[in-house]
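Trainee:
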Amino acid sequence: MKQIFLFLTALLFTCCSSDIEMKAETTSANHGKTLVAYYSYTGNCRSIVTELTNQIEADVVEITPVDKSQKYEENGYAIGTALLNAIKANPNDASSYPAIDPVTVSLSDYQNIIVVTPLWWSQMAAIMQTYLFGAGSQMADKSFSMIVSSASSGISGVVSDAKRLVPEASWMGDALWINNSNRRNTASLIEEWLKTLNFTEGQTTTNKMNITIDGKTQSVTLVENAATHALVEKLQQAPVSIMLNSSGGFEIWGPLGFSLPKNDQQTTAQPGDVILYNGSNLCLFYGTNSWSYTRLGKIDGLSESELRTFLKAGESNIGVVLSLDNSAAIKEVKSNGSEDGTYYSVNGQRVQNPTHGIYFKNHKKVIL
Ligand SMILES: Cc1cc2nc3c(=O)[nH]c(=O)nc-3n(C[C@H](O)[C@H](O)[C@H](O)COP(=O)(O)O)c2cc1C
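Residue numbers (the numbering used here): 887 to 1254.
1. Would DSSP call E1201 helix, strand or coil?
2. Beta-carbon within less than 7 Å of F1030's beta-carbon, same chain only, minus the 5 sequence neighbours each way: which residues are those?
3. Is the beta carbon of S1039 less than 9 Å from the beta carbon of N1065?
4. Quick one: Cα of N1239 to Cα of A1061, how far?
5. How about D1159 and I1138: are their beta carbons less than 9 Å apart?
6. Return yes when the C-beta of I965 is under 8 Å from any heavy atom of ligand 1, and no when it is not.
7. Have a look at the DSSP bridge pairing and note the partners of N1131.
8. Do you know whose CA, among Q1156, A980, D953, A1021, lies nearest S1189's CA?
9. Given a threshold of 16 other Cβ atoms within 10 Å of its Cβ, counted over all protein chains shown, does Q1024 qualify as buried or as exposed?
10. Would you kindly work out how many angstroms separate the C-alpha atoms of L938 and E960, rounded to a whole number?
11. For ligand 1, is there a heavy atom less than 8 Å away from the beta-carbon of P951?
12. Assess, as a yes-or-no matter, whether the stretch 1068-1078 is touched by the stretch 950-958 under the definition of 3 or more beta carbon pairs within less than 8 Å.
13. What are the residues that DSSP puts in a beta bridge with T1098?
14. Tell me the DSSP secondary structure of P1240 in three-state form.
15. Could you pull the start and end residues of the alpha helix (DSSP H) that R932 belongs to?
16. What does the Cβ neighbour count give for N1093, buried or exposed, with the cut at 16 atoms within 10 Å?
17. Can you list, in chain order, the residues of its chain whose CB lies under 6 Å from that of S994, leaving out five sequence neighbours each side?
18. Hey, is Y1017 close to ligand 1, as in C-beta under 8 Å from one of its heavy atoms?
19. Which residue wins for smallest C-alpha separation from K1120, given the options V947, Q941, V1207?
20. Considering only residues of the stretch 975-1039, which uninterrupted beta strand (DSSP E) runs meet the minimum length of 3 residues and lie entirely inside it, listed in chain order?
21. Please list, in chain order, all residues of the same chain as F1019 whose beta carbon is under 6 Å from its beta carbon, the five residues on each side excluded.
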């Protein structure tokens, strides 16, 4: 009875707040892929996700509880309440959170994360809390925002839960609140909200870098952070040649020869990860290791054994060239038409005395 009263009180007291509320530190430029992670018990959040993905290009992952037979609303929402109370009593203990099915998506592939979650008793639905309790630490260098669906209660408690569970995320804008009285306007609410996030066409453009070793080139999807901005700026001037060495049975690494802005976080690096260590060293992983690192990106599409071959695992003095994907510049060089042995930079500029790096000569890529 007390719970029903509280629920009705919540409905009465919260119906007048604005649709978009609770601002955190915001970031405006959002380049990179977007992941929408949602949980839905009665279908409202699922409909919101359908509308959201009509408007932006994003991958979607549904978070589902292991126990699908639960009736959270029965007996005055007794089960939902018990789940939330358990989390409140011990928020740092994984066993306080209800079990969810494994989520196979790799967060390192994404720069923008949008969580779509129901509100339960003015808090984030327990099932979504489980996901963020496990994955929140991997969202440290991501741009983050949230859509919260409630019957009528305001969402400040859900935003507080998100800040507790994803403390390091950079909010790209305020959370959007969709409730029973504005639900019919979901499409226009999302459209307006996306404008406040500065979602532009650019946000679906993946930032890429190339790594060339021994004549073989692999693309890397870069995350967006201050370190990758600085690295791209550097590579826009010229490719960077470095010498790396195998170490620890899990990586090749060595000095970049310059520093990048670091934002080190305790990270478990995975095969394929491209990592900045101590601000001025590059680590390319073919195994796993936990350390305080700044993530730069991930080598695209290679299995662990392909990575070992590509990275020359176990060897020393491995010459590595970092460059940008310059298909536009390559076209420019080709249209020149001459085969006079002139070296061109990857930006299509004539180079008189080429040193180390990637060049184009007689329409062919050459690495010096
Ligand atoms: C356990 C539980 C607790 C809820 N508590 C509240 C509440 O305190 N205030 C409110 O406005 N809505 C509350 N709701 C309603 C949901 O927030 C709302 O129906 C939401 O749109 C459900 O999203 P879904 O359909 O994606 O599950 C609760 C629902 C459940 C199941």
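Virtual Cβ for every residue (Gly too), placed ideally from N, Cα, C.
Mentor: Here's the rundown:
1. Within the sequence shown, numbered from 1, the residue matching residue 1201 stands at position 315. Three-state result, E1201: coil.
2. Taking the first residue of the sequence shown as position 1, residue 1030 is located at position 144. Hits under 7 Å: I999, V1052, A1055, S1056, W1057, M1058.
3. Translated into positions along the sequence shown, residue 1039 becomes position 153. Translated into positions along the sequence shown, residue 1065 becomes position 179. Taking 9 Å as the Cβ cut-off, S1039 and N1065 qualify as a contacting pair.
4. As a position in the sequence shown, residue 1239 is number 353, starting the count at 1. As a position in the sequence shown, residue 1061 is number 175, starting the count at 1. Near 54 Å, if we compare the C-alpha coordinates of A1061 and N1239.
5. Walking along the sequence shown from the start, residue 1159 turns up at place 273. Walking along the sequence shown from the start, residue 1138 turns up at place 252. The answer is no: Cβ separation not under 9 Å.
6. The count along the sequence shown starts at 1 and reaches residue 965 at position 79. Because some heavy atom of ligand 1 lies under 8 Å away, the Cβ of I965 counts as near it: yes.
7. Sequence index remark: in the sequence shown, residue 1131 carries index 245 (1-based). W1139, per the DSSP bridge assignment.
8. The sequence position of residue 1189 within the sequence shown is 303, counting from 1. Among Q1156, A980, D953, A1021, the Cα nearest to that of S1189 belongs to Q1156.
9. On the sequence shown, position 138 is the one that residue 1024 refers to. Buried.
10. Within the sequence shown, residue 938 is the residue found at index 52, counting from 1. Within the sequence shown, residue 960 is the residue found at index 74, counting from 1. Cα to Cα, the separation comes out at about 30 Å.
11. The residue given as residue 951 occupies position 65 in the sequence shown. False, no ligand heavy atom lies under 8 Å from that Cβ.
12. no
13. The sequence position of residue 1098 within the sequence shown is 212, counting from 1. T1103, V1207, per the DSSP bridge assignment.
14. In the sequence shown, residue 1240 corresponds to position 354, counting from 1. In the structure shown, P1240 sits in coil (DSSP, three-state: anything other than H, G, I, E or B).
15. As a working mapping, residue 932 is identified with position 46 in the sequence shown. Segment 930-941, the alpha helix (DSSP H) holding R932.
16. Your numbering for residue 1093 matches position 207 in the sequence shown. Counting Cβ neighbours within 10 Å, N1093 comes out buried, since at least 16 surround it.
17. Taking the sequence shown and counting its residues from 1, the one referred to as residue 994 is at position 108. Result list for S994: K1184, in chain order.
18. Looking up residue 1017 in the sequence shown gives position 131. Not so, every heavy atom of ligand 1 lies at least 8 Å from the Cβ.
19. As a working note, residue 1120 is residue 234 in the sequence shown. Of the listed residues, the one whose Cα sits closest to K1120 is V1207.
20. 998-1006, 1029-1035
21. Working through the sequence shown from its first residue, we reach residue 1019 at position 133. Counting only Cβ-Cβ distances below 6 Å, and skipping sequence neighbours, we find Y983, L1051.
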